[in-house]
Amino acid sequence: MLRKARSVFWLAMFPVFLLLSGALSPAWADEKADRRYQVNMEPGVTEIGADIFSLHMLIFWICVVIGIVVFGVMFYSIYAHRKSRGVTPATFHESTKVEIAWTVVPFLILLGMAVPATSTLIDVYDTEDAEIDILVTGYQWKWKYEYLSDEGENVSFFSNLKTAQEEIYNEDDKGQFYLLDVDEPMVIPVDTKVRFLVTAYDVIHSMWVPELAVKKDAIPGFINETWTRATETGVYRGQCAELCGKDHGFMPVVVNVVERDEYDQWLAEKQAQAAEIAALMEQTFSMDELVTRGKDVYDRACLACHGANGEGGVGKAIAGSAIAMGPLGGHMDIVINGSRNNAAMQAFGGQLNDVDMAAVLTFQRNAFGNNMGDLIQPIDVYNYKQGQ
Amino acid sequence: MGDHHHGPAKGLSRWLFATNHKDIGTMYLWFSFAMFLVGGAFAMIIRAELFQPGMQLIRPEFFNQMTTMHGLIMVFGAIMPAFVGLANWMIPMMIGAPDMALPRMNNWSFWILPPAFLLLLATMFMEGGGPAFGWTFYAPLSTTYAPPSVTFFIFGVHILGLSSIMGSINIVATVMNLRAPGMTYMKMPLFVWTWFITAYLLIAVMPVLAGAVTMMLMDIHFGTSFFSAAGGGDPVLFQHVFWFFGHPEVYIIILPAFGVVSQIIPAFARKPLFGYDSMVYATASIAFLSFIVWAHHMYTVGMPIAGELFFMYATMLIAVPTGVKVFNWITTMWRGAMTFETPMLFCIGFVVLFTIGGFTGLMLSIAPSDFQYHDSYFVVAHFHYVMVAGAVFSMTAAVYYWLPKWCGKMYNETMGKTHFWISFIGFNVTFFPQHFVGLAGMPRRIPDYALQFADFNMISSIGAFIYGASQILFLYNVIATIVGGKPISDEKVWDGAEGLEWTVPTPAPFHTFSTPPQVR
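As given, the protein sequences belong to chains A and B, one line each in that order. Residue 25 in numbering that gives the first Met the number 0 is what sits at position 26 of the first sequence, and the numbering runs on without skipping anything. Residue 359 in numbering that gives the first Met the number 0 is what sits at position 360 of the second sequence, and the numbering runs on without skipping anything.
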C-alpha cells in the first residue's frame, strides 16, 4: 500500500520537475531584472519601513515556530498513529485543561504582537510637521503631482508611463525599468519629512511605493494624508495598487529622492518653467509649431485610447471623426469638458495647459488625413474656457 | 400520482419539478462543478496571459473581465452552491429527517441560479463588455465608470442573493424542526452545526449585499449619489457596506468546510472528534467576530487611527477560535489508528494549507504591515490558500467521502490519490510563489508586470495548469464511478465512519427516514 502510494507520488511529481527545469532558464533572463529572486519584503529607505519590516519578520517567525510545533505534532501522529502499524485507537475526546491552555496561550501571543503593531501604527499616522506638502491626484491612468508652496508658483505636472506600446506588445525589447518608468518622476529631498495629500480625479487609485513604505488610497472627493522621510537618495519605483480600470497596471509611481540643494534647484527650474508657460500663453504659434507640439501631447494624453494613428480603440477614431472635422466649438467642448455620455472620455481642461490644449486640438484637426487647416491658438482656448 | 412516493418521476420533469433533497442536492453539485470549470477556465486565461511579461493573448480590458468573472463565478457559482448541494444531500440524512423542511422553495432556490449565471456570463458579449471592476466592484469604477452591462450584473446578484436567502431559511427550518427524536442540538454532527450557523450568516448579510447593489443601481440610473462625492456621497461607504457583507461571506464559504473536515478526520482516525463542544463554540465565535472585522479589508482607505486599531485587534482575535479548531483536528488524529484514503488525504492537505493561509491572515491583520501587503499578490496567495485549499479541498474530500454512499459504487482509489497529489503539488506551485512576488511589490489585478517578477509568475502559471488539469481527472473519476464503479452494499462504506447517514442502505434510497430513527 505504502509503496503504491509512493509511486503515485513520484508519478505526480514528474511533470512538475520537467516543467520547473524549463522554467528556470527563461529567454529574457539577463541582468535587466536585478531583483529577480526577491522573496521577501524590503525594509526600504525609511524608518517606518524598517519598523514595518521588523514587525513583519517578528510575526513571520512566530508563525514559523507555531507551524513547526503544530505540523510537527501532526506529522509525528501521521507517522506513528497509523493503522498499518497495528495501533488500537484511543477513545479520549476532550480535556478541559488542554482546551483552556490552547485558548489562553494564543491569546497571550496575540497580546505580544499587538504592542509593537500599535506603536508602529501610531508612527505611521503621525503626519505632523512635514516640511513639504505634495498633492497627489490619481487619474485614469496617470498621476499628477502638485507641490504646494507658501512662496512662488505652485509646481504641478503629470507623470505618465514612459514604456513604449511596442515593448508592451512584444514588438520591441523590454527596457530595464519595463512598466516602472515615467516621463517625469516626483522629486523629493532626502532626510526631509514629506507629506502626501492623496486624492483622485475619477475612480479610486492607490499610491504605493514599497521602499518608501507609503500606500494610501486616492479617493475622488476626499483627501487622505500620508508621509515619508527617505534616508537615502535614489529612484524608488511603485505602482497603483487599487484596480482603476483598463490601464491599472500601467500607471507607476516613481519618486526620485535627491540631495536638498539638488531639490531646491529642480524646484526653481520647475517654477521658471511654469512662468514660461504663462508667457507662451500670450504668444501666437505657426501651424508647424502647433502640430509638432500637438503630436507630443497626443502621444502622451490621447494615444492610449485613440490609437497611434487616430484609428480608435477604447475611444472613438479621431481620423475622419465627425467631431475633429466638425465645428471647432464642439471639438473644444468634448476635449476640455469630457464626454457627457461616456465617462471614459475625460475632461482634459484641467490636465493640459492652454498651450498644449491648443496644440493638440490643432494636431487632431490636421493629422490622420483630417486636413481642416484650422489653427487654434492658446488665447482661443483661454477665451473658450472663460466664455463657458 | 398514486406511486409518487415510491420513486422519482421520469425524464426531465424529475429534475425540473424536483422536490427531493437528494435530487436537488445532485443538481446543485453538478451545477457548481460546471461553474467551477468555467471559473477555472477564466483562471487559466489569466495565468496564460501572466505566463510572460508583456501582453500576449488578451487585452487589458478583457483581462479585467476575466479577474472579475473568475472571482464572481468561483465565489457565488462554484463554492457556495457546492456546499448548498452538500447541505441538501447530507443534512436530512445526518439529522434523521425525511427531506428538507421546505421542498418547493428548495426547488425554486436552485432553479433561479442557472438563469442568474447565464445573465452574468451573457454580459461578456454585450457592448462595452462584462463587469471589469473586480469581484469587489468598488464604486465609482462599478457605477459612473462601469460598462452598461453592469445593470445585468446587478440583477444577477439580486437573484443570487434571493437563492441564498431561500436556501438558508430552508436549512434553518430543517435543522430546527426536523431533527429525529433524541437528536439534541449538542448531538448534531459538526457539519450540521457549521451549516446552521452559516445559514444565519447568510440571512444576515445577503440583504446587505442586495442593498449595496441597489444603491449602485440608483446611482447609475436614478440620479442618486450614494457613492459619489460630487453629490454629497462617499465612495468609501460602498466599501463599508460591501465588506460588511464580504467578510461574513468568506466565513460562509469556510465554515461548512470546517464541518466537512470535522466529519472526515474522525472517520479515518477511528477516534471521536476531539473537543466537540469547543468546536461548536469556536464556530459560533468565528461567526460573531466576522461581523466586527470588516474594515480590515480597508486599512489603506484613510480611517481614523481609533478605527484602525479596533479592527486590527478584533481581527487578531479570530486567530484564537480558528487555532482551537486546528488543534482539535490534530488532537483527533493523535493516538488514532489512521488510514489515508483520498478523503483523508484531502483533509490533511486542508489542515496544512489552511493553517498556512491562517498564518498569512494573521500577518495581514497587523495594520502597519498591511500597508505593505494590501492589494499585492501576497493577498492573492493568502486568500487562495484559504479559499482553494480550504473550501475546494474540503469539498473534494466530501465528494470522495460520500460519493460511495450516494451512488452505491466505489471510486478508483489510486486515481483519487493521484488526483490529490497532483492537486496538492499544482496548488502549491501556483500559489506559494505568489507570496514572494507580493512581498517584492507586485500589485494584484495587473495584466502585465515588471521584469523582476517574471520567473515566479511563470512558475505560478505552470502550477495553475497542473492544478487545472487535475480537475479533469477528478471529473473523470466521478463519472467513471457513477457509470461503472465497483458496486458496494455495506451500509458503512468506511469502517470508522459514524452518524445516521451511514445507517441507511447503500446506495441511499430516494426516500430515507420516512419514519424517524431514535437517537440515543
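We put the beta carbon where it would ideally sit given N, CA and C, even for glycine. Treat the numbers as computed from the prediction; the structure is a model and nothing was measured.
Assumed close pair residue i, residue j - CB separation to whole angstroms, cut-off 8 Å
i	j	result
S148 (chain B)	T122 (chain B)	4 Å
T505 (chain B)	I487 (chain B)	6 Å
P184 (chain A)	V254 (chain A)	6 Å
W242 (chain B)	H157 (chain B)	Not quite, the Cβ-Cβ distance comes to about 19 Å (not below 8 Å), so this is no contact.
K485 (chain B)	K408 (chain B)	6 Å
K192 (chain A)	R228 (chain A)	5 Å
K143 (chain A)	Q371 (chain B)	Not quite, the Cβ-Cβ distance comes to about 24 Å (not below 8 Å), so this is no contact.
V379 (chain B)	G437 (chain B)	7 Å
E41 (chain A)	E231 (chain A)	About 12 Å; that fails the 8 Å criterion.
A396 (chain B)	I263 (chain B)	6 Å
Residues bridged to residue i [DSSP beta-bridge criterion]
i	result
G155 (chain A)	Contrary to the premise, residue 155 (chain A) reads as Ser rather than Gly in this sequence. Answer by DSSP bridge pairing, in chain order: A:E145.
I187 (chain A)	A:V256
G237 (chain A)	A:V252
H157 (chain B)	In DSSP, H157 (chain B) forms no bridge with anything.
W207 (chain A)	A:K214, A:Q238
A199 (chain A)	A:G137, A:P219
S422 (chain B)	In the DSSP output, where bridge partners are listed per residue, S422 (chain B) has none listed.
K485 (chain B)	B:M409
M205 (chain B)	Paired residue(s): none; M205 (chain B) is not in a bridge.
L160 (chain A)	A:V181
S375 (chain B)	B:P442
R194 (chain A)	A:D132, A:W226
M337 (chain B)	A:R81
Cross-chain neighbours of residue i in chain A, by beta carbon under 7 Å
i	result
R46 (chain B)	Residues of chain A passing the Cβ test: none, with the nearest at roughly 13 Å.
K9 (chain B)	Simply none; closest approach about 42 Å.
F41 (chain B)	In chain order: nothing, as chain A lies at least about 16 Å away.
M311 (chain B)	A116
Q517 (chain B)	Ordered by position in chain A, no residue passes the 7 Å Cβ test against Q517 (chain B), which lies about 23 Å from the chain.
Within chain A, the residues that residue i reaches when beta carbons sit closer than 8 Å
i	result
N63 (chain B)	L242, G244, K245, H247
V300 (chain B)	D216, I218, N223
Start and end residues, beta strand (DSSP E) containing residue i
i	result
V135 (chain A)	131-138
N223 (chain A)	223-227
Contact set between residue i and chain B, taken where Cβ atoms lie within less than 8 Å
i	result
I51 (chain A)	P367, S368, F370, Q371
L120 (chain A)	I304, E307, L308, M311, A366, P367
M250 (chain A)	Within 8 Å Cβ-Cβ: nothing; M250 (chain A) doesn't reach chain B, min ~10 Å.
Residue range of the alpha helix (DSSP H) that includes residue i
i	result
E165 (chain A)	164-167
R364 (chain A)	353-365
P102 (chain B)	102-110
R46 (chain B)	20-48
F345 (chain B)	341-364
H55 (chain A)	46-79
P121 (chain A)	As written in the sequence, residue 121 (chain A) is Ile, which differs from the Pro given in the question. That run of the alpha helix (DSSP H) goes 95-123.
Q238 (chain B)	234-268
K324 (chain B)	318-332
M79 (chain B)	79-94
F287 (chain B)	275-288
N336 (chain A)	327-336
R34 (chain A)	Careful: R34 (chain A) lies outside any alpha helix (DSSP H) and carries neither H nor E.
Beta-carbon neighbours of residue i, restricted to chain A and to distances below 9 Å
i	result
V235 (chain B)	I203, D216, I218, F221
Partners in chain B for residue i, counting only beta-carbon separations shorter than 7 Å
i	result
T117 (chain A)	L308
F59 (chain A)	M362
R34 (chain A)	A439, Q451
P209 (chain A)	Q371, G440
Residue i Cβ short of 7 Å to the ligand FMN heavy atom set
i	result
I264 (chain B)	With respect to the ligand FMN, the structure shown offers nothing to examine, as it has no ligands at all.
(message) Which residues of the stretch 257-289 of chain A have a Cβ closer than 7 Å to any Cβ of chain B? Give them in chain order.
(response) The stretch 257-289 of chain A vs chain B, Cβ under 7 Å: nothing.
(request) Give, in chain order, every residue of the stretch 65-89 of chain A whose Cβ lies closer than 8 Å to some Cβ of chain B. (result) Listed in sequence order: I65, G66, V69, F70, V72, M73, S76, I77, H80, R81, K82, S83, V86, T87, P88, A89.
(request) Could you please tell me which residues of the stretch 156-186 of chain A, in chain order, have their CB closer than 7 Å to any CB of chain B? (result) Cβ contacts with chain B come from I167, Y168, N169, K173, Y177, L178, L179.
(request) Could you please tell me which residues of the stretch 318-337 of chain B, in chain order, have their CB closer than 7 Å to any CB of chain A? (result) Per Cβ criterion, the list reads A318, V319, G322, V323, V325, F326, I329, M332, W333, R334, G335, A336, M337.
(request) Mind checking the stretch 295-319 of chain A against chain B and listing, in chain order, the residues whose C-beta falls within less than 8 Å of any C-beta there? (result) Result list: V313.
(message) For the stretch 325-356 of chain A, list every residue whose C-beta sits within 8 Å of some C-beta in chain B, in sequence order.
(response) Near chain B, meaning a CB-to-CB distance below 8 Å, the residues of the stretch 325-356 of chain A are A342, A343.
(request) Give, in chain order, every residue of the stretch 450-461 of chain B whose Cβ lies closer than 7 Å to some Cβ of chain A. (result) Within the stretch 450-461 of chain B, L450, Q451, A453, D454, M457, I458, I461 place their CB atoms closer than 7 Å to a CB of chain A, listed in sequence order.
(message) Which residues of the stretch 265-280 of chain B have a Cβ closer than 8 Å to any Cβ of chain A? Give them in chain order.
(response) If the cut-off is 8 Å between Cβ atoms, the stretch 265-280 of chain B has A268, R269, K270, P271, L272, F273, G274, Y275, D276, S277 near chain A.
(request) Below 7 Å between beta carbons is the criterion; list the residues of the stretch 124-157 of chain A that meet it against any residue of chain B, in chain order. (result) Within the stretch 124-157 of chain A, the qualifying residues are Y124.
(request) Select from the stretch 98-112 of chain A all residues with a C-beta closer than 8 Å to any C-beta belonging to chain B, and list them in chain order. (result) Listed by position along the chain: E98, W101, T102, P105, F106, L109, M112.
(request) Could you run through the stretch 343-354 of chain B and flag, in chain order, every residue whose CB is less than 8 Å away from some CB of chain A? (result) Correct list: I347, V350, V351, T354.
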